[in-house]
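Line order of the protein sequences matches chains A and B.
Note that the first sequence ends on residue 393 in UniProt numbering; no numbers are left out.
Note that the second sequence ends on residue 378 in UniProt numbering; no numbers are left out.
Just so it is clear, CB atoms sit at the ideal spot from N, CA and C, and this is done for glycine as well.
The next block holds one structure in the form of structure tokens; read it before the comments.
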Amino acid sequence: MSDLETFRVETRAWLEENCPPAMRQPVRSEDDACWGGRNAKFSSPDQKLWLDRMAARGWTVPDWPKEYGGGGLSPAEAKILRGEMARLGCRSPLQSFGIWMLGPALLKYGNEAQKQEHLPKIARGEIRWCQGYSEPNAGSDLASLATSAEDMGDHFLVNGQKIWTSYADKADWIFCLVRTDRSSKHNGISFVLFDMASPGVSTKPILLISGYSPFCETFFDNVKVLKENLVGELNKGWDVAKYLLGHEREMISGMGLGDTAKFLPETALKTVGRDEQGRLDEPVLRGRIALFEVRAAAFKAMAERFMDELKAGKAHPAQPSMMKYYGTELNKARHELIMAAGGSDALEWESEASKGGAAPRAWLRTKANSIEGGTSEVQLNIVAKRILDLPSA
Amino acid sequence: MPLFLDDEQTMLRDSARAFVGETAPVSHMRSLRDAKDPNGYAPALWKQFAEMGFTGILIDEAHGGSGLGAVEAGVVLEEIGRNLTPSPFLATAVGAVEALNAGSAAQRERWFPAILAGDAVAALAIDERAKHRPASTALRAERSGNGFKLSGTKRFVTHGHVADLLVVAARTAGAAGEMDGITLFAVEKGAAGLQAKPERLADASLAAAIDFDGVRVEADAVIGEIDAGWAPLTRVLNGVRVGASAELLGVGAGAMDMTVGYLKERKQFGQTIGAFQALQHRAAHLYSEMEVARAAVLKAQQLLDAGDARAEEAVMVAKAMAGLATTLAVQEGVQMHGGIGMTDEYSIGFYMKRGRVLAEMFGDADYHADQLARRAGY
């Protein structure tokens, strides 16, 4: 047996023994996911057990180096682990902006002390991070941001406002873009880290159309940030930001992968029923679901290819934009269909049967997918210019 | 196995791209069409395909082939698609070879040398109606002496009028609509009672309607087991469906390349039209659809080559997705070319016509989506 086959067999056995059955169900609501942090809330003892077991093996971040809390797996081994987790339906043990976004940026741009300090805590889910990028007047035009960091010798003094800061009210630390030079748009931005418990930081949740408040307005009033928390070079934060955005897009594109192959038809069968031949008794809806599932299955292959190319260094650097665009548009289409399949059941907003309106709230939430992390239009601009090499106006 | 071409497959792709692009570019197809060529392909070119080793890609090494798989066959088919090359490759080197691989040693010895040499062309006589539905096979094969007598009509048989070998799906038991009771036959050219009537299609290719008027075949013409032809037929269909998907990718990619090239060169309103955001967004969307289709096709090819149980569904996804993406590619191609795209002189319209034929062949996106839904139980 090859080394990889041995690894597969052992991994399968370990997962079967260690992944609690409750952690083999899809996450069905925001409260049901594990985000870790200083004030971590676990929805069940199994959720904590699963996180602890995976973190102990470094498998919350399987391809990070072992010295930073990772699993030290090769790309081929990491792919096998993903495949085996998917086969068993294992949940991801930890949702984390630290894993998806900050970690890769620190691995590339952080100094040794920053890696030692932050990466293991991310891997174990001890610190929950949020991202301070968008500002009220700098959305898609991110580089026009104005939040300032004034050089005070041994520290910066940060003043300004961020918006759309996901879970800022629940986060322990923030990775944040600040302006350190007003004379240059892109070359006057720096990338800093600081504790959300620092004096001068305040947050205010923004109520969304889904009735939830995952996003916040975040205010900085003379926040003191030690210089050791500058990542990369002063005024060169845009490079870190772009690198991190690639990972953010990769993460958001994963939304296109939601597993509806059973859920969507079952929902429709429950509300519509079957015809005499046993088929969904609404042929147009059935056809729409079937054609959607074709696209979803094809996108799943695309995601696999993208990961393989990324790990092998073969992916076009702008490909995350394509993935983000396609994945989010697909996810919106999926939730439109879930609403259609659910009929009036899917309209209930508060009832117990509807799990507190899970379907319509999730449907509304997906509408942000093609806005956050760079709008669909921004992604298409990037693909047109950087992949298809079309001219600028 | 990572989901991209390995080094050897990339080398094969490069040599196929150079070879097909040089020997059979779109002008080759145009000249055959203009000459109203009665064969529907160029025999001399088919011999060159054989010399390149392409006809033996799916034939094992013991028989003189290269023993490769669906990925490699797809690499060649993509270049055929990109150049709109009329070729018996899909039906012969993929469809018939897969049938014979499921057949007897005698059948392989009878046909493999001729296919390897580029001397034989095969055709697949499967469809009987305007929409692909192989389980509805009604053409009868009745026992007669120590063989069978075939009666009925097949349609949409590419190269059917010139084929040396016809792979025929016939009903030996059961009723139309059932998978059981179908038997696969290898029928040779010139059999008494066989009449092929070629019709030219929109893309200038020729497809025959073939009448079987009590065509006699011996028992050794049966491919696989009597009444259990669904298994070898499935093998053939998996091969040609994923092959047609690869050819579709080539058609779509060829159309997209032409279109993006045109966007960079055509000027209107005082600037290159590719600078207009409205067109950039359409082009970028098209690129995304084509990339997703490409991933689905490679996934299906790899699963087929690995003998994975999930391969058949992956092939259906691939054929449906390639059909959707390439249909978009040719539509956007004609639209973005503007008026010139509607002219016969310009080639983009040829891509539209070829894309339509391939999208229909061996089941369109709707057919495959429906099949996937049935399998999923809804």
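{"Item": "Touching or not, the region 230-250 of chain A and the region 191-201 of chain A, by the rule of three or more beta carbon pairs under 8 Å?", "Value": "yes"}
{"Item": "Please report the straight-line C-alpha distance between residue 69 of chain A and residue 287 of chain B, rounded to a whole angstrom.", "Value": "38 Å"}
{"Item": "Quick one: does residue 391 of chain A have its CB under 8 Å from some CB of chain B?", "Value": "yes"}
{"Item": "Can you tell which of B:276, B:65 and B:41 has its C-alpha closest to the C-alpha of residue 51 of chain B?", "Value": "B:65"}
{"Item": "Which class does residue 274 of chain A belong to by DSSP, given the choice of helix, strand or coil?", "Value": "strand"}
{"Item": "What is the DSSP secondary structure of residue 111 of chain B, counted as helix, strand or coil?", "Value": "helix"}
{"Item": "Counting Cβ pairs, one atom from each stretch, are 3 or more of them under 8 Å apart for the region 54-62 of chain B and the region 72-85 of chain B?", "Value": "yes"}
{"Item": "Where does residue 229 of chain A sit, in a helix, a strand or coil, going by DSSP?", "Value": "helix"}
{"Item": "Please check if any C-beta of chain B sits within less than 8 Å of the C-beta of residue 314 of chain A.", "Value": "yes"}
{"Item": "Could you check the C-alpha separation between residue 307 of chain A and residue 360 of chain B for me, to the nearest Å?", "Value": "32 Å"}
{"Item": "Could you spell out the range, first to last residue, of the alpha helix (DSSP H) harbouring residue 333 of chain A?", "Value": "319-342"}
{"Item": "Helix, strand or coil for residue 40 of chain B per DSSP?", "Value": "coil"}
{"Item": "What residue range does the beta strand (DSSP E) around residue 100 of chain A cover?", "Value": "Where residue 100 of chain A is concerned, there is no enclosing beta strand (DSSP E), given that its DSSP letter is neither H nor E."}
{"Item": "Between residue 321 of chain B and chain A, is any beta-carbon pair separated by less than 8 Å?", "Value": "yes"}
{"Item": "Identify every residue that forms a DSSP beta bridge with residue 213 of chain B.", "Value": "B:151"}
{"Item": "Contact between the region 285-304 of chain B and the region 239-247 of chain B: three or more CB pairs below 8 Å?", "Value": "yes"}
{"Item": "Taking 8 Å as the cut-off, decide whether the C-beta atoms of residue 180 of chain A and residue 162 of chain A are in contact.", "Value": "no"}
{"Item": "What does residue 394 of chain A reach in chain B if we use C-beta pairs closer than 9 Å?", "Value": "The structure shown does not extend to residue 394 of chain A, since chain A is modelled only from 1 through 393, so no value can be given for it."}
{"Item": "Bridge partners of residue 206 of chain A, per DSSP?", "Value": "A:215"}
{"Item": "Is DSSP giving residue 223 of chain B helix, strand or coil here?", "Value": "strand"}
{"Item": "With DSSP run on the structure shown, which of helix, strand or coil describes residue 383 of chain A?", "Value": "helix"}
{"Item": "For residue 279 of chain A and chain B, any beta-carbon pair shorter than 8 Å?", "Value": "yes"}
{"Item": "My guess is that residue 207 of chain B and residue 199 of chain B are in contact by the Cβ rule of under 8 Å, so how many angstroms apart are they, rounded?", "Value": "6 Å"}
{"Item": "Residues of chain B with a CB under 9 Å from the CB of residue 265 of chain A: which are they?", "Value": "373, 376, 377 and 378"}
{"Item": "Who are the neighbours of residue 287 of chain B on chain A, taking C-beta pairs under 8 Å?", "Value": "322, 383, 387 and 388"}
{"Item": "Taking only runs that begin and end inside the UniProt domain \"Acyl-CoA oxidase/dehydrogenase middle\" (130-223) of chain A, name each unbroken beta strand (DSSP E) of 3 or more residues, in chain order.", "Value": "148-151, 155-166, 173-179, 189-195 and 201-206"}
{"Item": "The beta strand (DSSP E) spanning residue 188 of chain B covers which residue range?", "Value": "182-188"}
{"Item": "Establish whether the CB of residue 117 of chain A and some CB of chain B are separated by less than 8 Å.", "Value": "no"}
{"Item": "Tell me residue 268 of chain B's beta-bridge partners as DSSP assigns them.", "Value": "B:271"}
{"Item": "For residue 228 of chain A, does the count of other Cβ atoms within 10 angstroms reach 16, so buried, or fall short, so exposed?", "Value": "exposed"}
{"Item": "Would residue 338 of chain A and residue 359 of chain A be called neighbours here (beta carbons separated by less than 8 Å)?", "Value": "yes"}
{"Item": "Relative to the alpha-carbon of residue 57 of chain A, which residue among A:71, A:49, A:48 and A:51 has its alpha-carbon at the smallest distance?", "Value": "A:71"}
{"Item": "Assign residue 1 of chain B to one of two classes, buried (16 or more other C-beta atoms within 10 Å of its C-beta) or exposed (fewer than that).", "Value": "exposed"}
{"Item": "Report the rounded CA-to-CA distance for residue 159 of chain A versus residue 390 of chain A, giving the unit in angstroms.", "Value": "39 Å"}
{"Item": "Measuring alpha carbon to alpha carbon, tell me which residue in B:329, B:33 and B:108 is nearest residue 86 of chain B.", "Value": "B:33"}
{"Item": "If contact means a Cβ-Cβ distance below 9 Å, which residues of the region 304-318 of chain B contact chain A?", "Value": "313, 314, 316, 317 and 318"}
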